[in-house]
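Engineer: Under full-length UniProt numbering, the sequence shown has 133 at position 133, and the numbering climbs by one with no breaks. Note that CB positions come from ideal geometry on N, CA and C, so glycine has one too. Computed from a predicted model, the values in this text were never measured in an experiment.
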Amino acid sequence: MAYTLFYFPGNANLAPHMALEELGVPYELALLDRAGGEHKSAAYLARNPTGRIPTLLAPQPNGGDQTVFETAAILLYLADNHPDSGLAPAPGSADRGQFLTWLIHLTNTIQPEYRVFYYPEQHVTDPSHAADAKATAERRLGEMFVLVDRELATRPYIAGEHVTVADFLLLMLVRWGRSFARPPRDLPHVGRLCAELLARPAVRRAFAQEKLAAPFI
């Protein structure tokens with residue numbers, strides 16, 4: 001039995017893709033024709049009613065698949081279903097709270113701000129305000145990454161002393177800001193962590209399979 005990850009290169013599937021490679025479990029990639037609107041098709045919406053990418057199909061012991069969507073949910077699902085991987089602190093452990101705090105901060109606070117940056121026209125009623133919305137989102141994201149950088153000055157990984165799926169999510173979000181005037185990769189502790197993650201074989205394989213070209217971040 002293998003997982004199936006519906007994806008489009010460089011989209012929010014990248015973090016779960018890295019996690020799947022790190023886990024070393026069987027999985028298949030299902031490329032979506034985003035330009036053709038396949039992620040809005042009836043077949044895809046039947047699995048993921050939000051019409052967003054990614055979606056994970058998780059094989060079940062009694063047959064069939066369980067559908068999981070939302071990037072952080074997929075990451076948490078994978079880590080918790082493979083506890084020996086160490087990619088998430090165990091429920092009830094001392095580190096679990098910090099892990100959940102940063103996983104949710106990344107997905108609830110930083111990730112949504114990117115929608116304003118990349119799709120500013122969806123967040124204004126007057127099209128002439130789109131450029132200002134985009135610039136404001138970039139400024140706000142810069143402030144958010146400064147906060148993350150301060151946290152990383154106190155520990156090697158975002159959730160503690162060991163790499164977790166939250167670090168893969170952070171790397172993906174840093175990548176999305178590579179065109180900023182002040183890209184998050186230039187922050188000392190964020191840059192240090194991203195360089196370490198990019199050197200991991202699993203991460204390199206995920207980038208290669210999605211055919212993502214340098215500069216990676």
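With the cut-off set at 8 Å, would you say Leu197 and Asp167 are in Cβ contact?
Structural biologist: Taking the sequence shown and counting its residues from 1, the one referred to as residue 197 is at position 197. Taking the sequence shown and counting its residues from 1, the one referred to as residue 167 is at position 167. Taking 8 Å as the Cβ cut-off, Leu197 and Asp167 qualify as a contacting pair.
Engineer: Just list the alpha helix (DSSP H) runs in the UniProt domain "GST C-terminal" (92–216), keeping only unbroken ones of 4 residues or longer that don't cross its boundaries, in chain order.
Structural biologist: Complete alpha helix (DSSP H) runs here, min 4: 96–105, 111–118, 130–152, 165–176, 188–198 and 201–209.
Engineer: Report yes if the C-beta distance between Leu31 and His17 is below 8 Å; otherwise report no.
Structural biologist: Start at 1 with the first residue of the sequence shown, and residue 31 comes out as number 31. Start at 1 with the first residue of the sequence shown, and residue 17 comes out as number 17. Contact: no.
Engineer: By how many angstroms is the C-alpha of Pro9 removed from the C-alpha of Ala206?
Structural biologist: Taking the sequence shown and counting its residues from 1, the one referred to as residue 206 is at position 206. Taking the sequence shown and counting its residues from 1, the one referred to as residue 9 is at position 9. Cα-Cα distance, rounded: 10 Å.
Engineer: Between which residues of its own chain and Tyr27 is the CB-CB distance below 8 Å, once the five residues before and five after are set aside?
Structural biologist: As a first step, residue 27 must be located in the sequence shown, where it is residue number 27. Ala2, Tyr3, Thr4, Leu5 and Leu20, listed in sequence order.
Engineer: Once the 5 residues before and after Ala153 are set aside, which same chain residues still bring their CB inside 7 Å of it?
Structural biologist: In the sequence shown, counting from the first residue as 1, residue 153 sits at position 153. Hits under 7 Å: His189.
Engineer: Going by the DSSP bridge assignment, what does Thr4 pair with across the sheet?
Structural biologist: Against the sequence shown, residue 4 aligns to sequence position 4. Partner(s): Glu28 and Leu57.
Engineer: Sort Lys40, Gln60, Asn62 and Leu14 by Cα distance to Arg52 and report the nearest one.
Structural biologist: Position 52 of the sequence shown, counted from the first residue, corresponds to residue 52. With distances taken between Cα atoms, Arg52 lies closest to Lys40.
Engineer: Where Asp80 and Gly160 are concerned, what is the direct C-alpha to C-alpha distance, given to the nearest angstrom?
Structural biologist: Taking the first residue of the sequence shown as 1, we reach residue 80 at position 80. Taking the first residue of the sequence shown as 1, we reach residue 160 at position 160. Each residue's alpha carbon lies about 17 Å from the other.
Engineer: I need the DSSP call for Ala71, collapsed to helix, strand or coil.
Structural biologist: Position 71 of the sequence shown, counted from the first residue, corresponds to residue 71. Going by the sequence as given, residue 71 is Thr instead of Ala. Residue state, collapsed to three classes: helix.
Engineer: Taking Leu75 and Glu22 to be in contact with their CB atoms under 8 Å, please state how far apart those CB atoms are, rounded to whole angstroms.
Structural biologist: The count along the sequence shown starts at 1 and reaches residue 75 at position 75. The count along the sequence shown starts at 1 and reaches residue 22 at position 22. Their Cβ separation, rounded to whole angstroms, is 11 Å, which puts Leu75 and Glu22 out of contact at 8 Å.
Engineer: From His123, Ala46, Trp176 and Asn62, pick the residue whose C-alpha is nearest to that of Thr55; which is it?
Structural biologist: On the sequence shown, residue 55 is found 55 positions in, with the first residue counted as 1. Minimum Cα distance to Thr55 is reached at Ala46.
Engineer: Using a 10 Å radius around the Cβ and a threshold of 16 neighbouring Cβ atoms, would you call Thr107 buried or exposed?
Structural biologist: For the purposes of this step, residue 107 is taken as the residue at position 107 of the sequence shown. It counts as buried.
Engineer: Using a Cβ cut-off of 8 Å (strictly closer), state whether Gly51 contacts chain D.
Structural biologist: The structure shown contains no chain D; it is built from a single protein chain.
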